[in-house]
Each structure stands twice: as C-alpha cells, then as structure tokens.
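Report on the structure given below.
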Amino acid sequence: MGKIKVMLLFLIVLMGMKSANAQIDHLTPVSGIFDAYTFEFEYYSKVRNVLFQGLTDYPEIRFLVMPSFVPENVLDIEYDRENEKYYIVYHTCKEKIWENKNWQHVRVERYKKEIRKNSAEVVKLLFKNAISHTRYSEYEWGLDGANYYFTVSDTGQKSGTVWSPDDGTKMRRLVKIGYHLIELSQQKASIVELDDTLKAEIEKLTEELK
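Here the sequence shown stands for residues -22 to -1, 1 to 188, numbered as in mature numbering (1 follows the signal peptide of the UniProt record, and there is no 0).
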C-alpha cells in the first residue's frame, strides 16, 4: 500500500499541475534544490547528467521539455564569446529517463548550428519578457501533458515553468514558438535565421508580454 502511495505521489508531482480555472496564462517559479522532493532531485540530476551533457551552464535561452510519456528534450541558444557567434543546440533522448533503470545508457541525439545574431536576440527578448511575469498560482493536478521550462540569461539565470497551457493563451503561443525553434535546429540549412512570419509572431507576443 505504501509503495502505491509513493508511486501516486510521483505521478501527481512530476506529471504536472494545471490551473484550477484552466486559464493560467503566465509562467510559475521553478522549485529550488531545497524545495524539491527527493525523487524530483534524483530525477532532475539524471536529466542533467544525460540530456545536458555537453551543454553550457550559461545558455542565452533554454527551452526544456519534460513530457509525461515521451522522451525528454532541450533546446539552447548559446553565445560563443571567442568566435562572437550564436549557436542553436538541440538534445533529445532516444527513450525516457524517467523510471528507466538503465537511464545512464539512454542515448541522446544532438544538433548544433549557428543562428543569426538578430534571430537569437529576438528570441532572447521574448523569453526575458515571459519570465519577468513569473508568479505563483493555485493548481489542480494533471497527468497527461508536459512541463515546459524557460530560462534566460539576464543578470544570472532566470527561469519559469508552465504545465501544458491551454489553446488560445499566450503561454501556448510561447510553447509553440519553442517547438518552431526545435524544428529550425533540425533543418539542413547551415545557419538558422527566423523567417518573417515567425519573427513577426515572436515580436507580437513579446510586445504583449511587456
């Protein structure tokens, strides 16, 4: 019985939280190391050890996707100060780390290519504005979906998270932009540049999040 309760707690806390009024439209704070449950700390440590291997500790932006039932993945935009270039980097696990006894052996598919400076700066401003509105909310629990984490370099690393936002919300649009960036990171072009449509979409949301 105790084991069942623990597993239920795992599912409830990890799989996510959804707004009681179904209209949370902002990011919420990311729990610190001293606030996390033991199982959360262990899981997040595994994700860092496997998925984050080779990534900088100081990305310009980070979009981390922690789904309920499919593998974890993360997208960074990094700035190489030595070469004065920006790079878009995408890592995706080939299988889930969560509840995987062989998590140390999970393979990670990696993509990295240059991204135009102006494109990187447009995305960074969007993340900065979104994260600036991070605040606590009341929650109800959900099991099917994903936790999305957004990080920006802004006088240190600042982060916010959202659980599977509703269609029509600003946070859903923010998540979709994150997925657009993932698609760009996997294209054949040697240098990533935002097209006019995506750039306009980002700038519009950035303005709304001021």
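Ideal placement from N, C-alpha and C gives every residue a C-beta, glycine not left out. As the structure is a computational prediction, the values presented were derived from the model and not from experiment.
Taking each of E181, S115, S168 and D174 in turn and checking the Cα distance to T6, the smallest one comes out for S115.
DSSP places N27 within a helical segment (H, G or I) once states are collapsed to three. I66 is positioned such that its CB atom lies closer than 8 Å to that of V170. The beta carbon of I160 lies closer than 7 Å to those of L53 and Y68 in the same chain, with the five residues before and after it left out.
For S97 and K177, the gap between their C-alpha atoms comes out near 8 Å.
Less than 8 Å separates the beta-carbon of Y89 from that of Q164. Counted as a single uninterrupted DSSP element, the alpha helix (DSSP H) harbouring K95 occupies residues K95 to S110. For N125, DSSP records a beta bridge to M44 and W141. Counting along the chain, L53 sits inside the beta strand (DSSP E) bounded by residues N51 to D58. Around the Cβ of H4, a 10 Å sphere holds 16 or more other Cβ atoms; the residue is buried.
Between the alpha carbons of I93 and S168 lies a gap of roughly 9 Å.
Restricting attention to D13, Y64, W81 and I155, the CA atom closest to the CA of E50 is found in W81. A straight-line Cα-Cα distance of about 31 Å links T112 and E87.
If you check the CB distance, L104 and T34 do not come in under 8 Å. Excluding residues up to 5 positions away in sequence, D3, L183, E186 and L187 lie with their Cβ nearer than 7 Å to the Cβ of K148 in the same chain.
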